[in-house]
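Per my numbering, the very first residue in the sequence shown carries number 148; after that it's consecutive. Heads up, the beta-carbon is just placed ideally off N, CA and C, and yes, glycines get one too. These figures come from a predicted structure and were not determined experimentally. Below: one structure, written as structure tokens.
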Amino acid sequence: MAEVDKDGGSAAAAGGGGKAPTVKSIFVYPIKSCRGISVSQALLCSTGFVWDRQWVVVNSKGRGCTQRVEPKLALIQVELPIEAFSQGWVPKNTSYLVVRAPGMAELMVPLTKPSLQSDGVSVWEWSGTALDEGDKAAKWFTDFLGKPSRLVRFNEDSETRPVDPLYAPGFNVKFTDAFPVHLISQASLDAVNEQLKEPVNINRFRPNIFVDGCEPFAEDLWKQIKINELTFQGVMLCPRCKVPTINQEDAMQGSEPTETMMKFRSAKALEVNATKTKYKGRVYLGQMLVCEDKDSSWRKVINVGDIIHVEKILPSYADVAV
């Protein structure tokens, strides 16, 4: 890919008005496809934010469930101890992941690692062994979803899940869909909402890092950024599945914002090179990132308010990966 350094890029692409963009919000999603947690700081490790997609609900065949098939997952709220997002914190016997949903009693899942394992767990192309949170959690999710389900935790001690080597060889994730970190800007969300009859919340797009202070869609061209001395590489634009069409407040699915976004955020509309992509017919919003400092800066904190230093910018959409 062609690229230019920060001195060669425009102020609009980097921040807008010559001002550096900042981290507005940080979101962590402990259980895949359930509601996220907004935190003031989060720890980054080699697979993304600590606790992000650490758990997944699986069906009777061990297949990971998402809102694409089980939209009711959008109604499940989770809570972690605030200390869990601090450096050096270790779970105690009294530390819990708290899970809530309409019409359900509160579920408390111990954060200490369970001894039970489930074999044959699969998420997309990956399959392996996961830690099983037991029958109580299984009954809770089975009752709420109305079908046999279990809650399992990624087994970091024995499993790895590589990302697509075509885009970022050598990087791993837990139960995240594709890459360790997902970033979107407020300006991009605002630009999408200007085209909609009814605006949508950022929770439809489920970013990890929500950015303020840049021009709409500036993040599309960010090839390299630095946050709190951590260097991130832009891997590809985020292809949107049907989750953004699911109202996160009531789990009802519609056609927006995808239908409108097809007019200005499809590969054709953006004039990106989509000859190699496996995400034909998608719309794109947000940038997928990997952190280069995955070994040397283990579990470094990123904070709300941190400045985003845009160090390399792609010249045009023709150079963007999708």
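In this structure, the beta-carbon distance from residue 320 to residue 205 does not fall below 8 angstroms.
Sixteen is the threshold: since fewer than 16 other Cβ atoms of the shown chains lie within 10 Å of the Cβ of residue 309, the residue is exposed.
Using a C-beta cut-off of 8 angstroms, the segment 366-373 makes no contact with the segment 338-355, since fewer than three inter-stretch Cβ pairs fall below that distance.
Taking residue 223 as the centre and dropping the five residues before and after it, the same chain places the C-beta of 178, 181, 182, 246, 247, 248 and 291 closer than 8 angstroms to its C-beta, in chain order. Residue burial is scored here from C-beta neighbours: residue 312 has fewer than 16 other C-beta atoms within 10 angstroms and is therefore classed as exposed. Bounds of any alpha helix (DSSP H) do not take in residue 368, whose DSSP letter is neither H nor E. Taking the Cα of residue 274 as reference, the smallest distance to any Cα among 450, 396 and 203 is reached at 203. For residue 450, the uninterrupted beta strand (DSSP E) run begins and ends at 447-450, by DSSP. The segment 454-466 and the segment 411-420 touch, with no fewer than 3 CB-CB distances between them shorter than 8 angstroms. Note on geometry: alpha-carbon atoms of residue 243 and residue 196 lie some 18 angstroms from one another. Excluding its 5 nearest sequence neighbours in each direction, residue 226 has C-beta neighbours in its own chain below 6 angstroms: 245, listed in chain order. In this structure the segment 278-287 lies against the segment 258-270, because at least three pairs of beta carbons, one per stretch, are closer than 8 angstroms. Beta-bridge analysis with DSSP links residue 273 to 270. Residue 362 sits buried, since 16 or more C-beta atoms from the chains shown fall within 10 Å of its C-beta. Note on the segment 333-385: whole beta strand (DSSP E) runs with a minimum of 3 residues are 356-359 and 369-374, in chain order.
Within the segment 190-248, the complete beta strand (DSSP E) runs of at least 3 residues fall at 202-205, 224-226 and 243-247.
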